[in-house]
Amino acid sequence: MRNASLADLDRTPIAVLPIATDYPPGHLLDWHEHRRAQLLYAATGTMLVETADGAWTVPGERAVLIPPRTRHRVRMLDVQTNSLYIEPEAVPWWPDTCRAVDVPPLLRELLRAAADIGVGEGAGPGAGVGAGAGTGAGVRRAEALLGLLLIELERVREVPLHLPLPEHGPLAELCRAYIASPELAVTNADWARAAAMGERTLSREFRELTGMSPAAWRARARLLAAIPLLAHQTVTEVAALLGYATPAAFSYAFARAFGAPPSALRAP
1 MRNASLADLD RTPIAVLPIA TDYPPGHLLD WHEHRRAQLL YAATGTMLVE
51 TADGAWTVPG ERAVLIPPRT RHRVRMLDVQ TNSLYIEPEA VPWWPDTCRA
101 VDVPPLLREL LRAAADIGVG EGAGPGAGVG AGAGTGAGVR RAEALLGLLL
151 IELERVREVP LHLPLPEHGP LAELCRAYIA SPELAVTNAD WARAAAMGER
201 TLSREFRELT GMSPAAWRAR ARLLAAIPLL AHQTVTEVAA LLGYATPAAF
251 SYAFARAFGA PPSALRAP
């Protein structure tokens with residue numbers, strides 16, 4: 001199904017609802033949650049996903065697993081998504097927190113094929129796992145395809161595109177502001193003044209809340225900010241924009257953080 005409304009289909013007695021959606025550039029899906037588990041796959045572009053305690057930058061051909069009833073918001077940067085909305089009991093292994101995952105070629109093709117389930121077949125109640133009320137062969141194909149999708153989803157590998165966030169308070173506000181505008185010149189002293197606390201207190205509380213030092217967190221935030229930039233700019237341009245002395249230094253830091261060079265995580 002393409003550009004369909006989840007609200008119209010959510011209560012349909014189908015375990016897996018595949019919906020593909022085209023979004024205008026910069027579109028924001030503000031804070032919301034789903035009753036079902038969601039696989040949110042970026043076929044193109046980059047998604048910026050936030051929850052109360054984390055942020056994920058998800059480039060094209062990657063996905064994020066979102067647990068049921070998890071409040072989140074997503075900014076779509078030139079994105080076409082292929083989502084699966086799955087009844088929780090169908091995926092008892094689903095993670096309790098969001099995870100960014102790699103999408104291997106077979107799973108990618110299955111998601112593309114699933115987006116067409118129901119087109120011309122009258123998808124609706126009583127249609128089985130995910131097919132429409134068309135011919136028996138069409139229903140069997142859809143059920144087999146979506147069954148294989150669930151099997152392949154259990155095999156996905158998490159990718160390190162996550163940035164932990166304090167859930168509330170001044171440090172949470174500073175982090176979200178930094179994600180929106182990751183300035184190289186910002187220091188711990190700047191944050192300490194803004195949070196009305198000493199630098200040592202800032203560092204201690206920040207590490208307790210995120211598991212990272214403030215400086216390491218900001219460095220990772222800048223590297224994640226590079227991912228959507230790489231869709232339209234060269235490595236040299238992005239390195240200069242983010243304040244790295246050389247493209248090689250930027251590429252080294254990027255590969256160390258994400259296990260892949262900048263070219264491997266460019267949004268298609």
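Residue numbering for the sequence shown follows UniProt numbering, starting at 1 and increasing by one per position. Just so you know, even glycine gets a beta-carbon here, dropped at the ideal spot from N, CA and C. What you are looking at is a predicted structure, and each value in this text was computed from that prediction instead of being measured.
Count the other CB atoms within 10 Å of the CB of aspartate 78; is the residue buried (16 or more) or exposed (fewer)?
A residue is called buried once 16 or more other Cβ atoms fall within 10 Å of its Cβ, and aspartate 78 is buried on that count.
Which first and last residues belong to the alpha helix (DSSP H) in which tyrosine 178 is found?
Tyrosine 178 -> alpha helix (DSSP H) spans 170-180.
Same chain only: Cβ atoms within 7 Å of histidine 162, ignoring 5 sequence neighbours per side:
Excluding sequence neighbours, histidine 162 sits near Gly54, Trp56, Ala100.
Using alpha carbons as the reference points, say which of Ile86, Ala192, Thr97 lies closest to leucine 39.
Considering only alpha carbons, the answer is Ile86.
Valine 238 - containing alpha helix (DSSP H), residue span
Segment 235-241, the alpha helix (DSSP H) holding valine 238.
Below 8 Å, can you find three or more Cβ-Cβ pairs linking the segment 143-163 to the segment 41-55?
Contact check between the segment 143-163 and the segment 41-55: three or more CB pairs, one atom from each, fall below 8 Å, which counts as touching.
Out of Glu154, Asp8, Arg218, Ala137, point me to the one whose CA is closest to tryptophan 94's CA.
Measuring from the Cα of tryptophan 94, the nearest candidate turns out to be Glu154.
8 Å CB neighbourhood of alanine 192 in its chain, flanking five on each side removed
Spatial neighbours of alanine 192 in its own chain (CB-CB distance under 8 Å, excluding positions within 5 residues in sequence) are listed in chain order as Gly198, Glu199, Thr201, Leu202.
Pick out whichever of Leu145, Leu241, Ser213, Glu205 has its Cα sitting closest to the Cα of serine 181.
Nearest of Leu145, Leu241, Ser213, Glu205 to serine 181, Cα basis: Leu241.
Which residues share a DSSP beta bridge with tyrosine 41?
DSSP lists Ala63, Asn82 as the bridge partner or partners of tyrosine 41.
Looking only at C-alpha atoms, which of Gly169, Glu33, Gly211 sits nearest to alanine 195?
The shortest C-alpha separation from alanine 195 is found at Gly169.
Cutoff 6 Å; reference proline 228; Cβ partners in own chain excluding five residues on either side
The residues are Thr46, Leu77.
In the DSSP assignment, what residue or residues form a beta bridge with glutamate 154?
Looking at the DSSP assignment, glutamate 154 forms no beta bridge with any residue, so it has no partner.
Selected residue, minimal CA-CA separation from proline 105, among Arg157, Ile179, His72, Pro67
Taking only the C-alpha atoms, the option nearest proline 105 is Arg157.
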